[in-house]
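Position 81 (the sequence shown) corresponds to 81 in this note's numbering; numbering is contiguous.
Glycine included, each C-beta is placed from N, C-alpha and C at the ideal position.
Since we're looking at a predicted model, the values are computed, not measured.
The structure under discussion appears below in the form of structure tokens.
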Amino acid sequence: MKDLMGKAIWDHFHNENPEDLQTETSISELDELPVNYLFRDFEEMNEIEQKALGLSQGKVLDIGSGAGSHSLYLQNDMNLDVLALDISPKSIEVAKLRGVQKTICKNILDFSGDTFDTILLLMNGTGIFESLTKIDNYLKKLHSLLNENGQILIDSTDILYMFDRDQDGGVYIPAGGYYGELDYTVHYKGESEDPIKWLYLDFNTLKNAAENNGFIIEKILQDEDAYLAKLMKK
1 MKDLMGKAIW DHFHNENPED LQTETSISEL DELPVNYLFR DFEEMNEIEQ
51 KALGLSQGKV LDIGSGAGSH SLYLQNDMNL DVLALDISPK SIEVAKLRGV
101 QKTICKNILD FSGDTFDTIL LLMNGTGIFE SLTKIDNYLK KLHSLLNENG
151 QILIDSTDIL YMFDRDQDGG VYIPAGGYYG ELDYTVHYKG ESEDPIKWLY
201 LDFNTLKNAA ENNGFIIEKI LQDEDAYLAK LMKK
């Protein structure tokens, strides 16, 4: 991993000629991701993020914490005990420099030794599950990290709207897999990461997977094709 997302976050924080990130997926063309979007404060976040942060309580694990914006709000404004986790070394370094007190650079599947009252996965939190064949591995790990009566707050988007439809309203979905399984590529300053697997889940598919792995699930908020869900142990 070249850690291009982390490099962009690092350059923006240190004002070292930052540029916008470019992203693309296996079903979408190149798109600009302004790096300052990753440094938003609470008022600039979308409704799903604000709702999830407001529901957070107790000891929190912020998975995919990036530049640390969610963690900082929970730590400084809500006075919660937060651990920010990300696989990007430079992102974690910036989160520390911004004031996040507890950080760890690790893949969630390799993390252990602590449990939490709230586990937060935002900005398409289901993305880290990679594919339907791996979702059980991730949900079992999350189950092991969650305290009794704890909660997982996770968001995603049903991307069915991105596919063409015929005159009768039928959707043209490529054969060979679930339509939310995408290859996701990041570009920055002329460099490109190797594509990663990134999973968008419709709510019913997440619901079935969650219930098969010992959770009860509730949809907290729907915002057009995006939603926020809460998972708790059965």
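Residue i vs residue j beta-carbon contact at 7 angstroms
i: E32; j: D20; result: yes
i: I216; j: A229; result: no
i: T115; j: N137; result: no
i: L74; j: V60; result: yes
i: L199; j: F129; result: yes
i: L54; j: D117; result: In the sequence under discussion, the amino acid at residue 54 is Gly, which differs from the Leu named in the question. No, the Cβ-Cβ distance between G54 and D117 is not below 7 angstroms.
i: A8; j: Y188; result: yes
N-terminal and C-terminal residue of the beta strand (DSSP E) that residue i is part of
i: G150; result: 146-157
i: E181; result: 181-188
i: K233; result: 226-233
i: D31; result: 28-33
i: I104; result: 103-105
i: Q222; result: 215-223
Element boundaries [alpha helix (DSSP H), containing residue i]
i: L206; result: 203-212
i: D11; result: 4-14
i: V51; result: The question names Val, but residue 51 in the sequence shown is Lys. Run containing K51: 47-55, per the alpha helix (DSSP H) assignment.
i: L72; result: 69-72
Bridge partners - residue i, DSSP secondary structure assignment
i: V94; result: DSSP output for V94 lists no bridge partner at all.
i: D62; result: A84, L120
i: K197; result: D183
i: K25; result: The residue asked about is misnamed: residue 25 is Thr in this sequence, not Lys. Answer is S28, Y184, bridged to T25.
Exercise for the section: Count the CB pairs spanning the stretch 59-74 and the stretch 98-108 that are closer than 8 angstroms, and state whether there are at least three. Expected result: Counting C-beta pairs with one atom in each stretch, the stretch 59-74 and the stretch 98-108 have three or more that are closer than 8 angstroms, which means they touch.
Problem - contact_flag[the stretch 71-87, the stretch 146-157] where n(CB pairs < 8 angstroms) is 3 or more - result: no
Problem - Cβ contact check for the stretch 105-124 and the stretch 179-187: 3 or more pairs under 8 angstroms - result: no
Problem - the stretch 1-15 touching the stretch 190-197, judged by at least three CB pairs closer than 8 angstroms - result: yes
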